[in-house]
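Visitor:
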Ligand code: SF4
Ligand code: SF4
């Protein structure tokens with residue numbers, strides 16, 4: 511038989527920074543998801559509505575589930591926060607996407623722990639391992655496993671490590687004793703709500719994804735609505751602002767894991783530099799990183815918007831050179847995409863003298 515302390519010790523050996531056990535029961539916070547979807551906050555993410563029933567309780571995923579082993583991995587590395595950088599000229603990319611794809615790295619470690627548990631759990635053991643992609647409300651279970659509390663910015667915050675955490679979990683049939691749930695420590699702070707540039711946090715603990723830059727620059731497949739393009743500022747993949755300003759991240763833990771270090775092309779790179787790279791180079795730099803989720807076309811679209819917002823005359827020249835049949839277009843077939851082309855036209859107009 512395997513005990514909770516053995517699971518935690520093994521999790522630590524595998525490289526996880528935090529491990530706790532959440533109970534399998536009807537946790538009150540699990541009910542908020544449907545209300546959030548009903549309010550239209552999920553935008554185009556139809557899969558959220560499709561999987562809402564499954565997400566309502568892990569027993570929909572594994573009927574015999576008795577406990578959830580929650581895991582967290584720090585991905586913060588030694589680079590300044592986006593709020594400390596030259597906002598208009600630098601391509602802002604969310605911290606979690608700088609290095610290797612967490613689905614692969616954390617997924618392999620989570621699967622290794624599940625396999626280790628299966629070997630010791632007896633013939634009736636069943637377990638499902640997920641990293642973000644499973645129909646599981648990870649942050650709710652993480653809070654009930656004592657890993658941290660869900661902040662007003664909707665991220666999981668650990669009092670000692672901060673909020674730069676990848677969450678993963680193993681739903682299992684082992685009856686492991688749950689840890690104490692974490693208590694909210696946001697108090698009267700509202701810094702994240704005030705700092706969000708697009709008003710995507712209309713009230714504490716509520717994220718309107720349709721206004722969030724993570725959604726607009728990553729999830730949204732078509733055109734960025736014109737009314738929201740200025741708000742994109744220089745974000746080309748995701749946004750970290752509501753975590754950057756959180757006081758619990760002032761001295762957040764850092765990881766020594768090379769997997770999370772930024773790839774050279776995405777390490778504090780200027781918008782113009784990224785824009786001038788051929789598609790093949792962007793694709794190669796994005797390979798096996800979380801940025802593949804957006805792909806080159808969406809990155810090019812976002813770069814056009816960000817350049818349009820930069821007010822930089824050099825950006826206007828670069829955009830002018832990127833017409834059909836030009837040298838840049840030859841190296842960057844993504845520029846021929848009508849959706850991308852429309853954003854380039856918008857950016858040129860915005861930068862016109
Ligand atoms: S990620 Fe950015 S846009 Fe989204 S809620 Fe946080 S601050 Fe607002
Ligand atoms: S910025 Fe303040 S309110 Fe927002 S998550 Fe952090 S502590 Fe909570």
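Numbering (the working numbering), first residue to last: 511 to 863.
Here a beta-carbon is modelled for each residue, glycine too, at the ideal position from N, C-alpha and C.
On the DSSP letters alone, give me the boundaries of the beta strand (DSSP E) that residue 606 sits inside.
Guide: Here residue 606 is taken as the residue at index 96 of the chain shown, counted from 1. Neither: residue 606 is in no beta strand (DSSP E) and is coded neither H nor E.
Visitor: Output needed for residue 633: all residues of its chain with C-beta closer than 7 Å, excluding positions within five of it in sequence on either side, in chain order.
Guide: The sequence position of residue 633 within the chain shown is 123, counting from 1. So no residue of the chain qualifies.
Visitor: Tell me residue 666's beta-bridge partners as DSSP assigns them.
Guide: Position 156 of the chain shown holds residue 666. According to DSSP, residue 666 bridges with 660.
Visitor: On the DSSP bridge list, what partners appear for residue 676?
Guide: One-based indexing of the chain shown puts residue 676 at position 166. In DSSP, residue 676 forms a bridge with 583.
Visitor: Touching or not, the stretch 840-852 and the stretch 807-818, by the rule of three or more beta carbon pairs under 8 Å?
Guide: yes
Visitor: At the level of alpha carbons, what is the spacing between residue 531 and residue 655?
Guide: The residue given as residue 531 occupies position 21 in the chain shown. The residue given as residue 655 occupies position 145 in the chain shown. Residue 531 and residue 655: Cα-Cα distance of roughly 5 Å.
Visitor: Once DSSP output is grouped into helix, strand and coil, what is the label at residue 692?
Guide: What you label residue 692 is simply residue 182 of the chain shown in a count that begins at 1. Looking at residue 692 - three-state DSSP - the assignment turns out to be coil, as it is neither helix nor strand.
Visitor: According to DSSP, which residues form a beta bridge with residue 531?
Guide: By one-based count along the chain shown, residue 531 stands at place 21. Answer is 579.
Visitor: Compare the beta carbon distance of residue 817 and residue 857 with 8 Å and say whether it is the shorter of the two.
Guide: On the chain shown, residue 817 is found 307 positions in, with the first residue counted as 1. On the chain shown, residue 857 is found 347 positions in, with the first residue counted as 1. The answer is yes: Cβ separation under 8 Å.
Visitor: So which of 664, 575 and 825 has the shortest CA-CA distance to residue 635?
Guide: Here residue 635 corresponds to residue number 125 of the chain shown, with the count starting at 1. The residue with the shortest Cα to Cα distance from residue 635 is 575.
Visitor: Three Cβ pairs or more, each shorter than 8 Å: is that satisfied between the stretch 618-630 and the stretch 652-669?
Guide: no
Visitor: For a test of the three-state rule: what should DSSP assign to residue 619, helix, strand or coil?
Guide: Mapped onto the chain shown, residue 619 falls at position 109. Reduced to three states, the DSSP call for residue 619 is helix.
Visitor: Which same chain residues, not among the five before or five after residue 650, have their C-beta less than 7 Å away from its C-beta?
Guide: Here the question's residue 650 lines up with position 140 in the chain shown. 537, 539 and 540, listed in sequence order.
Visitor: Spatial neighbours of residue 706 within its chain, please: CB distance less than 7 Å, with the 5 preceding and 5 following residues excluded, ordered by chain position.
Guide: One-based indexing of the chain shown puts residue 706 at position 196. The residues are 751 and 752.
Visitor: Leaving out five residues on either side along the sequence, give the residues of the same chain with a beta carbon under 6 Å from the beta carbon of residue 745.
Guide: Here the question's residue 745 lines up with position 235 in the chain shown. Excluding residues within five positions, the ones whose Cβ falls inside 6 Å are 602, 723 and 727.
Visitor: So, are the CB atoms of residue 756 and residue 604 less than 8 Å apart?
Guide: Residue mapping note: residue 756 aligns to position 246 of the chain shown, counting from 1. Residue mapping note: residue 604 aligns to position 94 of the chain shown, counting from 1. No, the pair does not count as a contact, with Cβ atoms beyond the cut-off.
Visitor: Less than 7 Å separating the Cβ of residue 663 from some heavy atom of ligand 1?
Guide: Counting from 1 along the chain shown, the entry for residue 663 is found at position 153. Within the cutoff, so yes.
Visitor: May I ask you to report which of helix, strand or coil DSSP gives residue 554?
Guide: The count along the chain shown starts at 1 and reaches residue 554 at position 44. Note: residue 554 maps to coil in three-state DSSP.
Visitor: Just the C-alpha distance for residue 687 and residue 514, rounded to the nearest angstrom, thanks.
Guide: Within the chain shown, the letter at position 177 stands for residue 687. Within the chain shown, the letter at position 4 stands for residue 514. Straight-line Cα distance between these residues: approximately 7 Å.
Visitor: If you draw a straight line from the C-alpha of residue 491 to the C-alpha of residue 659, how long is it?
Guide: This structure does not reach residue 491, given that the chain is present from 511 up to 863, and the question cannot be answered.
Visitor: Leaving aside the five residues before and after residue 762 along the sequence, list all residues of the same chain whose C-beta is less than 6 Å from its C-beta, in chain order.
Guide: In the chain shown, counting from the first residue as 1, residue 762 sits at position 252. Answer for residue 762: 586, 672 and 674, listed in chain order.
Visitor: Let's see if you can read the secondary structure: which residues bound the beta strand (DSSP E) around residue 746?
Guide: In the chain shown, counting from the first residue as 1, residue 746 sits at position 236. Element bounds for residue 746: 745-747.
Visitor: Looking at residue 815 and residue 721, is the spacing between their C-beta atoms short of 8 Å?
Guide: Walking along the chain shown from the start, residue 721 turns up at place 211. Walking along the chain shown from the start, residue 815 turns up at place 305. Contact flag unset, no.
Visitor: For the beta strand (DSSP E) containing residue 637, name the first residue and the last one.
Guide: Numbered from 1 along the chain shown, position 127 holds the residue referred to as residue 637. 637-640 is the span of the beta strand (DSSP E), which, as asked, contains residue 637.
Visitor: Classify residue 670 as buried or exposed, calling it buried when 16 or more other Cβ atoms lie within 10 Å of its own Cβ.
Guide: Residue 670 sits at position 160 when you count from the first residue of the chain shown. Per the 10 Å Cβ criterion, exposed.
Visitor: With a CB to CB cut of under 6 Å and the five nearest residues on each side skipped, what residues in its chain are close to residue 860?
Guide: Numbered from 1 along the chain shown, position 350 holds the residue referred to as residue 860. Here the set comprises 818.
Visitor: Please list the terminal residues of the continuous alpha helix (DSSP H) segment that includes residue 644.
Guide: The residue given as residue 644 occupies position 134 in the chain shown. Taken as a continuous stretch (DSSP letters only), residue 644 belongs to no alpha helix (DSSP H), as it is neither H nor E.
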